[in-house]
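Asks:
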Amino acid sequence: MHKESEIRDPLILGNKTYHDITRDIARPVEGKANKYWWILFGLSVFLFLWGIGCMAYTIGTGIGAWGLNKTVNWAWDITNFVWWIGIGHAGTLISAVLLLFRQKWRMAINRSAEAMTIFGVVQAGLFPLIHMGRPWLAYWVFPFPNEYGPLWQNFNSPLLWDVFAISTYLTVSTVFWYIGLIPDFAMIRDRMSKTISPMKKKLYTLLAFGWSGRAKHWQRFEEVSLVLAGLATPLVFSVHSIVSMDFATSVIPGWHTTIFPPYFVLGALFSGFAMVETLLIIMRKVVNMEAYITIKHIEYMNVIILFTGSLVGTAYITELFMAWYSGVAFEQYAFLNRATGPYWWAYAAMMSCNVIIPQLYWIKSIRTSFIATFILSIFVNIGMWFERFVIIVTSLHRDFLPSSWTMFSPTFIDIGIFLGTIGFFFTLFLMYARTFPVVAQAELKTILKSSGSEYKNKTHE
Amino acid sequence: MNKKVLYAIFDDEEILLESVKVLRSKEIEIEEVYSPFPVHGLDVALGFKETRMAITAFIYGCIGLSFGGLLIYYIMISGVGKSWPMNIGGKPNFTFYQNFPAFVPIMFECTVLFAGHLMSLTYFFRNKLYPGATTTSPDPRTTDDKFLMEIIVEGDDNKMRKLLKRNWCF
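Which chain is which? The protein sequence lines are A and B, in order.
So the first sequence is numbered by the working numbering: it starts at 123 and just counts up by one.
So the second sequence is numbered by the working numbering: it starts at 6 and just counts up by one.
#1: Per DSSP, which residues does Glu159 of chain B bridge with? Please list them.
#2: Leaving out the 5 sequence neighbours to the left and right, which residues in its chain are closer than 7 Å to Lys226 of chain A when beta-carbon positions are compared?
#3: If distances are taken between C-alpha atoms only, which option among A:Asn459, A:Lys154, A:Thr557 comes closest to Trp446 of chain A?
#4: State buried or exposed for Val117 of chain B, treating a residue as buried only when at least 16 other CB atoms are found within 10 Å of its CB.
#5: From Phe359 of chain A to Ala437 of chain A, what does the alpha carbon distance come to, in whole angstroms?
#6: Taking the beta strand (DSSP E) that Tyr39 of chain B falls in, what are its first and last residues?
#7: When Cβ atoms are compared, which residues of the stretch 35–61 of chain B fall closer than 7 Å to chain A?
#8: Excluding sequence positions up to five away, which residues of its chain have a Cβ less than 6 Å from the Cβ of Thr327 of chain A?
#9: With distances taken Cα to Cα, identify the nearest neighbour of Ser334 of chain A among B:Arg166, B:Pro143, B:Pro106.
#10: Using the three-state DSSP reduction, which class does Ile415 of chain A fall into: helix, strand or coil?
#11: Would you tell me roughly how many angstroms separate the C-alpha atoms of Thr100 of chain B and Asp521 of chain A, rounded to the nearest one?
#12: Starting from Phe574 of chain A, follow its DSSP beta bridges and name the residues at the other end.
#13: Under 7 Å Cβ-Cβ, which residues of chain D neighbour Phe113 of chain B?
#14: Here's the rule I'm using: 16 or more other beta-carbon atoms within 10 Å means buried, otherwise exposed. How should Val285 of chain A be labelled?
#15: First and last residue of the alpha helix (DSSP H) that includes Leu22 of chain B?
#16: Rounded to whole angstroms, what's the CA-CA distance from Val387 of chain A to Met58 of chain B? Just pull it up for me.
#17: In angstroms with no decimal places, state the Cα-to-Cα distance between Phe168 of chain A and Leu162 of chain A.
#18: Taking a contact to mean a Cβ-Cβ separation below 9 Å, would you say Gly255 of chain A touches Phe530 of chain A in this structure?
#19: State yes or no: is the beta carbon of Gly29 of chain B nearer than 9 Å to at least one beta carbon in chain A?
#20: At which residues does the alpha helix (DSSP H) containing Tyr554 of chain A begin and terminate?
#21: Which same chain residues end up closer than 6 Å to Met123 of chain A when comparing Cβ atoms and leaving out the 5 residues on each side of it in sequence?
#22: Just checking: is the beta-carbon of Met367 of chain A within a distance shorter than 9 Å of some beta-carbon in chain B?
#23: Nearest-angstrom Cα distance between Val268 of chain A and Ala260 of chain A?
#24: What does a CB cutoff of less than 8 Å around Thr180 of chain A pick up in its chain, not counting 5 residues either side in sequence?
#25: Applying the 10 Å Cβ sphere with the 16-neighbour rule, what's the burial state of Pro218 of chain A?
#26: So for Glu583 of chain A, helix, strand or coil by DSSP?
#27: Could you give the first and the last residue of the continuous alpha helix (DSSP H) run that contains Trp205 of chain A?
#28: Going straight from the alpha carbon of Ser474 of chain A to that of Ile129 of chain A, what length do you get?
#29: Can you give me the Cβ contacts of Trp283 of chain A inside the same chain, cut-off strictly under 6 Å, excluding the 5 residues immediately before and after it?
#30: With 9 Å as the threshold, decide whether the Cβ of Ile77 of chain B is near any Cβ in chain A.
#31: Taking 9 Å as the CB-CB limit, is Tyr554 of chain A close to chain B?
#32: Is the Cβ of Asn276 of chain A closer than 9 Å to any Cβ of chain B?
#33: Starting from Ile231 of chain A, follow the alpha helix (DSSP H) in both directions and report where the run begins and ends.
#34: Work out the CA separation of Ile143 of chain A and His582 of chain A for me, nearest whole Å.
#35: With distances taken between CB atoms, is the gap from Ala370 of chain A to Thr380 of chain A smaller than 9 Å?
#36: May I ask you to verify whether the stretch 546–560 of chain A touches the stretch 497–514 of chain A, counting CB pairs closer than 8 Å and requiring at least 3?
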């Protein structure tokens, strides 16, 4: 059996047995939603519907409904796209990279983090889709035999790399998530024989794929999880590297930077962990997972946020240094304008939210406080949105020709679509929290005896 | 000889593992073990061969890599690339070799796409998991907190019962 040092804090609190874990994880699925769930759900659906309205208006009238102009021809759409993709990165990091490193604390949070990944990538995918103008022709981005003449993809283009990267990422993450879900759906299915409506039982029987927990199946399960983790790890790094190449392969000062791929990947992990914290701190209260998602989990994530936040800060400073060191006037101006030009406030928001505020995590009492973590995670979410806004808009708005210099301001529709995706994201997440086993209970049971607080005390005596 | 199926239910994985070892050392065949979570070392104790899932993933990955390479070669260089040559930003595609760095990302993604999905499908297929399949576990508690061992006994089963009792299962 796996042994763990007694000095390490327990990952499962209270005197839990295997049956207790089963009951606790199944409770939100079996029980009724409380008032707060309905309020949040109502609000999310409202935002979502508003977003749909704005999307429909955009598709009906054209991209002119957005605040774009000839100089700033990419703004909130790509900002939101990169922001959502970045948020999507923590889920795979938690479930794949931490699996490879045998980090046991990932087991309580990987399910929800991966749900967040999938829902985040869905939001991200909406933006290029709407930006196409004619979303019903979206299948044109995939290579398929056709007789339209030159309708073929340019495999030299990072935008096409994005298509492949994001569709692979979305589908592989979903499969990874689902393979882990099957034993837990089976657990819910097997509990439902007594009380729950036959309709619900049928649904979970269907979702469980007939899982019965044979020894050979578990052997394959572990191997498949490990191999998928091994595949997903380079995948997650490739996706955001490719997203960064949308910018880095262009010749715009401020975008044409070789440090973009690692810088974007770190930023993505940074913002993804912040969003995981925002969601989990609420979720652990709403569905009573306090014993499983403990302050220790939050502290571990805070350490990652501190680390990646500092590296992101290093990247910002490296960019400034390289601009000065390059001796290229355009490059130097792009960064001077970023920090001191008309968008200085966006740059200041980015610097303070991403670099300065996360440094508070050096203080243990802040790192181990739910309220402080929640507030700081919101700051990071905002800061990372501003990072993308700064990179995209400030690099464009003052181009090579001063007569075409301009500012960007979002329209009602821009804001509506962004809020709509936030609503859509929370709608999906709230539905997930009520119908899915939110903690990977089968995996969690394997660490009960090594990391459960009761068992730890016993070995100590 | 009449055959009987014995179900031994355990509530601790360590006792289960110990019993498996005892029974195996007495050369008694264990038909199946159902457990709510992967028990570390159980596959070795039961004498299972290593699973070949990782090997299938490698093969599928190779197929994906070749598929990606051929797809790009056909579209950019040979087939369509000849009929509709692309010259974007003064960067034409003469040979696969010259443009190779730009083709790496998609070839990589195709590798992961094929390896991930086809291995998962193989996993579902080998485990006979599909929507609508029903569980084969004799007791629903095996997804909760009980471990179940299935043994087929020929003839007198009292000896086996005693043996199992002695190994602390109920």
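Glycine included, each C-beta is placed from N, C-alpha and C at the ideal position.
Computed from a prediction, not measured in an experiment: that's the story for all the values here.
Replies: With the given structure in hand:
#1: B:Lys8.
#2: Only Leu133, Ile569, Ser573 meet the Cβ criterion.
#3: Ranked by how close their Cα comes to the Cα of Trp446 of chain A, the residues A:Asn459, A:Lys154, A:Thr557 have A:Asn459 in first place.
#4: Val117 of chain B is buried by the Cβ-count criterion.
#5: Their backbone Cα atoms lie some 17 Å apart in a straight line.
#6: Following the DSSP letters along the chain, one finds Tyr39 of chain B inside the beta strand (DSSP E) bounded by residues 35–39.
#7: Hits within the stretch, in order: Glu37, Val38, Tyr39, Ser40, Pro41, Phe42, Pro43, His45, Leu47, Asp48, Leu51, Phe53, Thr56, Met58, Ala59.
#8: The residues are Arg311.
#9: Nearest of B:Arg166, B:Pro143, B:Pro106 to Ser334 of chain A, Cα basis: B:Pro143.
#10: Looking at Ile415 of chain A - three-state DSSP - the assignment turns out to be coil, as it is neither helix nor strand.
#11: It is roughly 35 Å from the alpha-carbon of Thr100 of chain B to the alpha-carbon of Asp521 of chain A.
#12: Here residue 574 of chain A is Gly; the residue named in the question, Phe, does not match the sequence. A:Ile134.
#13: Among the protein chains of the structure shown, namely A and B, there is no chain D.
#14: It is buried - the Cβ of Val285 of chain A has at least 16 other Cβ atoms within 10 Å.
#15: DSSP places Leu22 of chain B in the uninterrupted alpha helix (DSSP H) bounded by 18–30.
#16: Those two C-alpha atoms are separated by around 30 Å.
#17: Near 10 Å, if we compare the C-alpha coordinates of Leu162 of chain A and Phe168 of chain A.
#18: Contact check for Gly255 of chain A against Phe530 of chain A fails: the beta carbons are separated by 9 Å or more.
#19: Looking at the sequence provided, one finds Arg at residue 29 of chain B rather than Gly. By this cut-off, Arg29 of chain B is not an interface position.
#20: Counting along the chain, Tyr554 of chain A sits inside the alpha helix (DSSP H) bounded by residues 534–557.
#21: At Met123 of chain A the pLDDT is 49, less than 50, meaning the model places this residue with poor confidence; the figure from the coordinates comes in the next sentence. None.
#22: Met367 of chain A belongs to the set of residues whose beta carbon lies under 9 Å from a beta carbon in chain B.
#23: Here residue 268 of chain A is Asn; the residue named in the question, Val, does not match the sequence. C-alpha separation (whole angstroms): 15 Å.
#24: Excluding positions up to five away in sequence, the list reads Ala187, Trp188, Ile252, Ile535, Ile539.
#25: In the sequence as displayed, the identity of residue 218 of chain A is Ala instead of Pro. Ala218 of chain A comes out buried.
#26: Below a pLDDT of 50, predicted positions are generally treated as unreliable, and Glu583 of chain A, at 45, falls in that range; no measurement from the model is reported.
#27: Residues 198–209.
#28: If you take the alpha carbons of Ser474 of chain A and Ile129 of chain A, they lie about 36 Å apart.
#29: The answer, listed in chain order, is Ile364.
#30: Yes, Ile77 of chain B counts as interfacial toward chain A.
#31: Among the residues facing chain B, Tyr554 of chain A is not included, as its CB has no counterpart in that chain under 9 Å away.
#32: It does; some Cβ of chain B falls within 9 Å.
#33: Counted as a single uninterrupted DSSP element, the stretch harbouring Ile231 of chain A is not any alpha helix (DSSP H), since DSSP gives it neither H nor E.
#34: Residue placement at His582 of chain A cannot be trusted, given a pLDDT of 49 that sits under 50; the coordinates are not used to answer.
#35: Contact: yes.
#36: At 8 Å Cβ cutoff, the stretches do not touch.
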